[in-house]
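Colleague: Residue numbers (my numbering): 278 to 452.
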């Protein structure tokens, strides 16, 4: 059985954690000292504090999720074998995606981020596998892209083009 493994990238995780931390701190400053950010365009203190709260909530969630994944999740990033793709590369990863379920793999791009859309025969089954907010995010992917499953190279130790080549060649081989 031939298995290909793409590990998670410590460097990419580190930079994402630092970036999230910066936005959390900046959000806290927006909340506590909004007068620093009053300009001729933005004069409303409540407006500045509102964006500070949004920043703390959004980037705080991302920060906590990244730290939890790094500390508690000892799985590899992506494993490709004769059974399918085992995706553990992000918060919305779903685990095993069987080759027999995959209809197509398509490249997409949103705001300078490339990702692969894994179109499956029964998307609802994959959405139901997830719980809580993860399920809602998969539902959002499904509504937006026609599939709940997307894989990017954001947190794995390879380029997007390498990821794309490996997944497309494996799909051709095992479908």
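By construction, the Cβ of each residue, glycine as well, lies at the ideal position given by its N, Cα and C atoms.
Source: prediction; values computed, not measured.
For the alpha helix (DSSP H) containing residue 342, name the first residue and the last one.
Modeller: Residue mapping note: residue 342 aligns to position 65 of the chain shown, counting from 1. Counting along the chain, the alpha helix (DSSP H) containing residue 342 begins and ends at 322-349.
Colleague: Within 10 angstroms of the Cβ of residue 291, are there 16 or more other Cβ atoms? Answer buried if so, exposed if not.
Modeller: Your numbering for residue 291 matches position 14 in the chain shown. Classification of residue 291: exposed, given that the 10 Å Cβ count is below 16.
Colleague: Just grab the DSSP bridge partners of residue 390 for me.
Modeller: Your numbering for residue 390 matches position 113 in the chain shown. In the DSSP output, where bridge partners are listed per residue, residue 390 has 387.
Colleague: For the beta strand (DSSP E) holding residue 398, just list the boundary residues, first then last.
Modeller: By one-based count along the chain shown, residue 398 stands at place 121. Counting along the chain, residue 398 falls outside any beta strand (DSSP E), and DSSP gives it neither H nor E.
Colleague: Can you tell me which residues form a DSSP beta bridge with residue 357?
Modeller: Here the question's residue 357 lines up with position 80 in the chain shown. Looking at the DSSP assignment, residue 357 forms a beta bridge with 281 and 362.
Colleague: Following the continuous beta strand (DSSP E) through residue 429, name the residue where it begins and the one where it ends.
Modeller: Position 152 of the chain shown, counted from the first residue, corresponds to residue 429. Looking at the DSSP string, the run of the beta strand (DSSP E) that includes residue 429 is 426-429.
Colleague: Measure the C-alpha to C-alpha separation of residue 433 and residue 314 and round it to an integer number of angstroms.
Modeller: Taking the first residue of the chain shown as position 1, residue 433 is located at position 156. Taking the first residue of the chain shown as position 1, residue 314 is located at position 37. Whole-angstrom Cα-Cα distance: 37 Å.
Colleague: List the residues that DSSP assigns as beta-bridge partners of residue 372.
Modeller: Residue numbering aside, residue 372 sits at position 95 when the chain shown is read from its first letter. Answer by DSSP bridge pairing, in chain order: 364.
Colleague: With burial defined as no fewer than 16 other Cβ atoms inside 10 Å of the residue's Cβ, what is the status of residue 336: buried or exposed?
Modeller: Position 59 of the chain shown, counting from 1, holds the residue named residue 336. Buried, because 16 or more other Cβ atoms sit within 10 Å of the Cβ of residue 336.
Colleague: Report the residue from 286, 361 and 322 whose alpha carbon sits nearest the alpha carbon of residue 451.
Modeller: Along the chain shown, one-based indexing puts residue 451 at 174. Among 286, 361 and 322, the Cα nearest to that of residue 451 is on 361.
Colleague: Quick check: residue 429 and residue 391, are their CB atoms within less than 8 Å of each other?
Modeller: On the chain shown, residue 429 is found 152 positions in, with the first residue counted as 1. On the chain shown, residue 391 is found 114 positions in, with the first residue counted as 1. Going by C-beta atoms, residue 429 is nearer than 8 Å to residue 391.
Colleague: May I ask you to report which of helix, strand or coil DSSP gives residue 382?
Modeller: Here residue 382 corresponds to residue number 105 of the chain shown, with the count starting at 1. DSSP places residue 382 in strand when its eight states are reduced to three.
Colleague: Tell me where the alpha helix (DSSP H) around residue 308 begins and ends.
Modeller: One-based indexing of the chain shown puts residue 308 at position 31. Where residue 308 is concerned, the enclosing alpha helix (DSSP H) stretches over 287-309.
Colleague: Tell me the residue span of the alpha helix (DSSP H) that contains residue 417.
Modeller: As a position in the chain shown, residue 417 is number 140, starting the count at 1. Its alpha helix (DSSP H) spans residues 409-422.
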